[in-house]
Amino acid sequence: MTIESVGYERAITYTDLGVLLSTTGSVYTVFGTTDFQVKGGPGPREVSISPGAASGRGIYDVSDATEIRPAAPGTRWDTVVLRRNWATKTTDIVILQGTATKAIKKDPAATGGGVLDDQPIALVRWASGQTAAQEIVDLRVWTRNGGAVAADPMVRDYLTDIGSRVRVGSSLWERTIQGGNAVWIDFATWERVTGKPEKFPPTDHTHTTITTDGGKLTVTPNGTLSHFVGTARVMGFNNKGVMDEGSVPIGRVTGTIPLSRLAGPFDLIASEDGSWSVSPNGSISHYVRGRRVSGFDNEGEMNAGTVPASRLTGTVTRPVSTSGAGRFGGAWANNITSSTRRSVYMEGDGTLGHTASSKRYKKRIKPWDGLTDEQFELLMVVTYEWREGIGEQGQIEVGVIAEELAANGMQWAVVFDDQGRPDSVNYDRVVLALIPWIKRKVRSIEDRLAVLEG
625 MTIESVGYER AITYTDLGVL LSTTGSVYTV FGTTDFQVKG GPGPREVSIS PGAASGRGIY
685 DVSDATEIRP AAPGTRWDTV VLRRNWATKT TDIVILQGTA TKAIKKDPAA TGGGVLDDQP
745 IALVRWASGQ TAAQEIVDLR VWTRNGGAVA ADPMVRDYLT DIGSRVRVGS SLWERTIQGG
805 NAVWIDFATW ERVTGKPEKF PPTDHTHTTI TTDGGKLTVT PNGTLSHFVG TARVMGFNNK
865 GVMDEGSVPI GRVTGTIPLS RLAGPFDLIA SEDGSWSVSP NGSISHYVRG RRVSGFDNEG
925 EMNAGTVPAS RLTGTVTRPV STSGAGRFGG AWANNITSST RRSVYMEGDG TLGHTASSKR
985 YKKRIKPWDG LTDEQFELLM VVTYEWREGI GEQGQIEVGV IAEELAANGM QWAVVFDDQG
1045 RPDSVNYDRV VLALIPWIKR KVRSIEDRLA VLEG
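Just add 624 to the spot in the sequence shown (first one is 1) and you have this note's numbering.
See the structure below:
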């Protein structure tokens, strides 16, 4: 299989010239949706590149069959490129070995058109000990009729000419100048839309029933709000904002009620161990025998009152905070110091639970090798400070970076968000992974000492 190319200092037919002129104004392009698409396989640590057409730097290339390229062992991000060589007058597919950092690899020898030039088409993440590609970032760009479209915003790392404009999803990126510097600006943001109204007029509408995961919410003509599970009314609010129970006691209903976002002229709500009240500014207070124990301010943050929370019975022994969605965060502890104490964890949806470790709950139990020597060498502990609005400001923290662990093949220690991005680290798993590694090192040292002492 070969890649047929035109434009390397030889005669060009009118047909080929028409194709090249159709992409005038763009540095690189592929033509079809699957042209030069990079996929994993078919063999271990291999990628396949689909046939198709592409052009760049005045060269028009056509591949008539699938290309296969092997990747070297190790953990890193490799860049797959279309390499155009004016010395040999050929175009080939080349894999440029990168590092553990997610970035497009650039060959210093590829200086541009007329000599040697690389057109990035994909970024591939490999993990040590794994035969399949862990992630593939599509770096292709489609340019036609004065517009350019790409699949991933990382194309901006190589489309750096001022004036470049490319659409990625709902964003329209343009390479422009600000303060004397070349920068990318998203012109599709709401703030940059001109001629938009400052406010939208309200429309008359009514909501009678809203279906939820656990049942439905119904609003009656007199303004009361009721929550039904099946046909049973569980709870609700009357038209004065007072919460009341229905035919099923609230204590028998599983789930959570996000009190952190309630606001309005609510009356006093009695509870088993005291009362809840809502002030006119929207804050919520919990009173026990006339003393404010805890509550939520009108921003949804939980705070302690005049009675230390540590003196209350229960499982929460210190103040915690809630997110904007009313989920709990912060430090949790059990006030019982005995053999019944359990480690508590929190799921991404705010659900609390405890970690069970008895073999009664486990199957397919087998030893684990933990960290490899390469992963240990790449494991980097850093100090950092939280960004504005996240965590305590000015406090020096110590930890590791979730993205670095994921790139080093340690996905088992990383928690990913709902968009598949590394979000946090399970530090307890990192510690567990060190145990087999330390044992191997101890055995190695003992073996060496035995040889020396023998």
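For every residue, glycine included, the Cβ atom is placed at its ideal position computed from N, Cα and C. Small disclaimer: the values here were computed from a predicted structure and weren't measured.
Alpha carbon of residue i to alpha carbon of residue j, nearest angstrom
i     : j     : result
I728  : A775  : 15 angstroms
A980  : K986  : 9 angstroms
P991  : S982  : 16 angstroms
G948  : E1012 : Bear in mind that a pLDDT of 39 at G948, under 50, signals an unreliable position, so the number given afterwards is only what the model happens to contain. The alpha-carbon atoms of G948 and E1012 are separated by roughly 16 angstroms.
T639  : V1054 : 59 angstroms
G804  : I786  : 12 angstroms
W585  : A746  : As displayed, the chain neither begins before 625 nor continues past 1078, which places residue 585 out of reach and without an answer.
I1062 : R700  : 25 angstroms
A1031 : L763  : 18 angstroms
S752  : E691  : 24 angstroms
T712  : F1000 : 43 angstroms
M607  : L1002 : As displayed, the chain neither begins before 625 nor continues past 1078, which places residue 607 out of reach and without an answer.
V765  : E798  : 14 angstroms
H851  : E822  : 36 angstroms
W1010 : A734  : 39 angstroms
G819  : G771  : 24 angstroms
K663  : F1040 : 23 angstroms
L706  : Q721  : 14 angstroms
A856  : S794  : 44 angstroms
G1078 : S1068 : 15 angstroms
W750  : T725  : 11 angstroms
G1015 : D1042 : 21 angstroms
L796  : D810  : 5 angstroms
P675  : A812  : 33 angstroms
L1076 : V1066 : 15 angstroms
T657  : V817  : 30 angstroms
Contact belief for residue i with residue j at Cβ below 8 angstroms, rounded distance in angstroms
i     : j     : result
I673  : F660  : 6 angstroms
G994  : A1057 : 4 angstroms
V773  : I760  : That pair is no contact at about 18 angstroms.
Q743  : Y684  : No, Q743 and Y684 are not in contact; Cβ-Cβ is about 12 angstroms, not under 8 angstroms.
R708  : D741  : 5 angstroms
T767  : S650  : 4 angstroms
D716  : I636  : No, D716 and I636 are not in contact; Cβ-Cβ is about 21 angstroms, not under 8 angstroms.
L1160 : V790  : Nothing can be reported for residue 1160, as the shown portion of the chain is limited to 625 through 1078.
S629  : T714  : 7 angstroms
Sequence-distant residues of its chain with Cβ nearer than 8 angstroms to residue i (five each side left out)
i     : result
G1023 : V1005, V1006, Y1008, V1049 and Y1051
I989  : K983
G738  : R681 and W710
P666  : S672 and I692
Q1017 : E1009 and W1010
Sheet register partners of residue i (DSSP bridge)
i     : result
G736  : L740
N805  : Q802
T1007 : V1022
P1046 : F1040
A677  : V686
R749  : W701 and E759
Cβ neighbours of residue i in the same chain (closer than 7 angstroms, five flanking residues each side left out)
i     : result
I719  : R693, A695, D702 and V704
A1026 : V1038, P1046, D1047, S1048 and V1049
I801  : I786
Where the alpha helix (DSSP H) containing residue i begins and where it ends
i     : result
Y1051 : Y1051 to E1077
E1027 : A1026 to A1031
Enclosing beta strand (DSSP E) for residue i [first to last residue]
i     : result
E759  : E759 to D762
F1000 : Segment D997 to L1002 is the alpha helix (DSSP H) holding F1000; no beta strand (DSSP E) there.
T813  : Here T813 belongs to no beta strand (DSSP E), and DSSP marks it neither H nor E.
P694  : E691 to P694
L706  : R700 to N709
L585  : Limits of the chain in this structure are 625 at one end and 1078 at the other, which puts residue 585 out of reach.
V654  : Y652 to V654
V671  : E670 to I673
V779  : That residue, V779, is in no beta strand (DSSP E); it is neither H nor E in DSSP.
K663  : V662 to G664
A774  : G771 to A774
W766  : V765 to R768
S629  : I627 to V630
R791  : R789 to V792
Same chain, Cβ closer than 6 angstroms to residue i, five either side skipped, listed in chain order
i     : result
E998  : S752
L1029 : A1037 and V1038
G875  : Since pLDDT at G875 reaches only 48, below the 50 mark, its modelled position is unreliable, and the value read off the structure follows with that caveat. Hits under 6 angstroms: none found.
L886  : Model confidence at L886 stands at a pLDDT of 39, short of 50, so the residue's coordinates are unreliable and nothing is read from them.
G631  : G682, I683 and Y684
T755  : P668 and R669
T827  : none
A757  : G664 and V748
P777  : V792
The ligand MN heavy atom lying under 7 angstroms from the CB of residue i
i    : result
D742 : The model on display carries no ligand, and the ligand MN is accordingly not part of it.
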